[in-house]
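Protein chains in written order, with my numbering: chain A, 1 to 79; chain B, 80 to 310. Worksheet: one structure, shown below.
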Amino acid sequence: MKTRVTVTLKPGVLDPQGKAIEGALKSLGVDGVSSVRQGKVFDIEIDAVDAVAARAALTQACEKLLANTIVENYAISHD
Amino acid sequence: MTSPRAAVILFPGSNRDGDFVRAWRVTHGEVPAIVWHDESALPENTDLVVLPGGFSYGDYLRCGAIAARTRVMEAVRSHAARGGLVLGICNGFQILCEAGLLPGVLMRNSGRRFVCKMQHLTVETNATPFAGGYARGQIVKFAIAHGEGNYIIDPAGLAELERSGRVAFRYCDAAGRVGGDANPNGSLNDIAGVYNERFNVLGLMPHPENLVDPLVGGVDGRPLFSAISRG
Numbered sequence: 001m002k003t004r005v006t007v008t009l010k011p012g013v014l015d016p017q018g019k020a021i022e023g024a025l026k027s028l029g030v031d032g033v034s035s036v037r038q039g040k041v042f043d044i045e046i047d048a049v050d051a052v053a054a055r056a057a058l059t060q061a062c063e064k065l066l067a068n069t070i071v072e073n074y075a076i077s078h079d
Numbered sequence: 080m081t082s083p084r085a086a087v088i089l090f091p092g093s094n095r096d097g098d099f100v101r102a103w104r105v106t107h108g109e110v111p112a113i114v115w116h117d118e119s120a121l122p123e124n125t126d127l128v129v130l131p132g133g134f135s136y137g138d139y140l141r142c143g144a145i146a147a148r149t150r151v152m153e154a155v156r157s158h159a160a161r162g163g164l165v166l167g168i169c170n171g172f173q174i175l176c177e178a179g180l181l182p183g184v185l186m187r188n189s190g191r192r193f194v195c196k197m198q199h200l201t202v203e204t205n206a207t208p209f210a211g212g213y214a215r216g217q218i219v220k221f222a223i224a225h226g227e228g229n230y231i232i233d234p235a236g237l238a239e240l241e242r243s244g245r246v247a248f249r250y251c252d253a254a255g256r257v258g259g260d261a262n263p264n265g266s267l268n269d270i271a272g273v274y275n276e277r278f279n280v281l282g283l284m285p286h287p288e289n290l291v292d293p294l295v296g297g298v299d300g301r302p303l304f305s306a307i308s309r310g
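What follows is the structure in structure tokens.
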């Protein structure tokens, strides 16, 4: 099963990289950019009996490693 | 009295292990054991475990995240649970936070730049196994070299750290003024290092191990290592 885990910074956590990208986009003249927050995407292929099982395994992956839940949120999606 | 026994953990990408070895030799006349990340046990009678600075696992995912989940960290966790001393410097501090042995997390410096310079700090408490060689409130000069040293913790956690006196060092200027422009990375409350609840685990971003020889800028780092004794 093809799945995707998206890890993003929690609201309010300072994101200097996002700020730098935001500044660069503005200096490139891209219209309408008001804010950029940088995150991470993990495309994960997983063997699981069904989506529920896959989601359970990926939740474990996020809690154990992929996200630092002090400052990051995660979201799981699949085909 | 026999010397305390130190072990330094080597992860792929660690690069400050040699600095610690030098500091330990200067202060205790001994060579610490080098322990590979894949080991399942520490050398017998280890008193102090050091997680050195560097870029373990290339800082992949998050600084210290992968190192924190290696086999040897289970042994380090048991050592800390027994009351053994653990010192994490720079990347080692990041690893301790990722391992949950210290609270909080080190984020990208607020100024976005990697900062490499001498840095003054205040010693916030000296009633610990690491800081007994300093006076409380003493201003010391260590070196800093990091891109992710911005210490972040939730408001309740921060209040608890302050209440329990677990802030080890704060960033200050040469005159001892804490914070403001003296804070190199945006850390909350100008925190440069913290202790765990039992004060046997210390993590700090600055490098005391680099300040052990007058030829390279001072010896303010020596007391931190000299203070370590047999458990």
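Glycine included, C-beta positions come from ideal geometry on N, C-alpha and C. These numbers were taken from a predicted model, which means no experiment stands behind them.
Buried or exposed by the 16-neighbour rule on C-beta atoms within 10 Å, applied to residue i
| i | result |
| --- | --- |
| residue 142/B | buried |
| residue 68/A | buried |
| residue 244/B | exposed |
| residue 171/B | buried |
| residue 34/A | exposed |
| residue 83/A | The question about residue 83/A has no answer here: the residues shown for chain A are numbered 1 through 79. |
| residue 135/B | buried |
| residue 87/B | buried |
| residue 153/B | exposed |
Any non-hydrogen atom of the ligand GDP within 7 angstroms of residue i CB
| i | result |
| --- | --- |
| residue 33/A | Summarising the ligand content, the structure contains no ligands, and the ligand GDP is consequently not present. |
Length of the line joining the Cα atoms of residue i and residue j
| i | j | result |
| --- | --- | --- |
| residue 247/B | residue 22/A | 36 angstroms |
| residue 108/B | residue 19/A | 48 angstroms |
| residue 250/B | residue 47/A | 49 angstroms |
| residue 17/A | residue 214/B | 39 angstroms |
| residue 296/B | residue 199/B | 12 angstroms |
| residue 289/B | residue 283/B | 13 angstroms |
| residue 79/A | residue 165/B | 45 angstroms |
| residue 63/A | residue 293/B | 46 angstroms |
| residue 230/B | residue 266/B | 4 angstroms |
| residue 274/B | residue 181/B | 7 angstroms |
| residue 73/A | residue 262/B | 28 angstroms |
| residue 239/B | residue 184/B | 15 angstroms |
| residue 55/A | residue 168/B | 37 angstroms |
| residue 224/B | residue 186/B | 14 angstroms |
| residue 227/B | residue 271/B | 12 angstroms |
| residue 237/B | residue 114/B | 33 angstroms |
| residue 209/B | residue 286/B | 14 angstroms |
| residue 27/A | residue 6/A | 28 angstroms |
| residue 188/B | residue 277/B | 28 angstroms |
| residue 81/B | residue 309/B | 8 angstroms |
| residue 15/A | residue 39/A | 10 angstroms |
| residue 31/A | residue 24/A | 12 angstroms |
Backbone secondary structure at residue i - three-state DSSP
| i | result |
| --- | --- |
| residue 60/A | helix |
| residue 22/A | helix |
| residue 265/B | coil |
| residue 198/B | strand |
| residue 51/A | helix |
| residue 113/B | strand |
| residue 174/B | helix |
| residue 303/B | helix |
| residue 9/A | strand |
| residue 34/A | coil |
| residue 297/B | strand |
| residue 226/B | coil |
| residue 152/B | helix |
| residue 236/B | helix |
| residue 71/A | coil |
| residue 242/B | helix |
| residue 65/A | helix |
| residue 92/B | coil |
| residue 3/A | strand |
Under 7 angstroms by beta carbon: chain A residues contacting residue i
| i | result |
| --- | --- |
| residue 141/B | 68 |
| residue 148/B | 65 |
| residue 312/B | Missing from the structure shown is residue 312/B; chain B here goes from 80 to 310 and no further. |
Chain-ordered chain B contacts of residue i [CB-CB under 8 angstroms]
| i | result |
| --- | --- |
| residue 13/A | 186, 231 |
| residue 71/A | 184, 186, 231 |
| residue 48/A | Under the 8 angstroms cutoff, chain B gives no residues; its nearest Cβ is about 22 angstroms from residue 48/A. |
Cβ distance (whole Å) where residue i is taken to contact residue j below 8 angstroms
| i | j | result |
| --- | --- | --- |
| residue 221/B | residue 299/B | 6 angstroms |
| residue 150/B | residue 65/A | Going by Cβ atoms, the distance from residue 150/B to residue 65/A rounds to 15 angstroms, so no, they are not a contact pair. |
| residue 58/A | residue 76/A | 5 angstroms |
| residue 194/B | residue 264/B | 6 angstroms |
| residue 279/B | residue 133/B | Contact doesn't hold; Cβ gap of about 23 angstroms is too wide. |
| residue 122/B | residue 84/B | 7 angstroms |
Residue i: contacting residues in chain B (beta-carbon distance under 7 angstroms)
| i | result |
| --- | --- |
| residue 60/A | Going along chain B, no residue has its Cβ under 7 angstroms from residue 60/A, so there is no contact; the nearest lies around 13 angstroms. |
Where residue i meets chain A, residues with beta-carbon distance less than 9 angstroms
| i | result |
| --- | --- |
| residue 153/B | Result: empty, since nearest Cβ-Cβ is about 14 angstroms, beyond 9 angstroms. |
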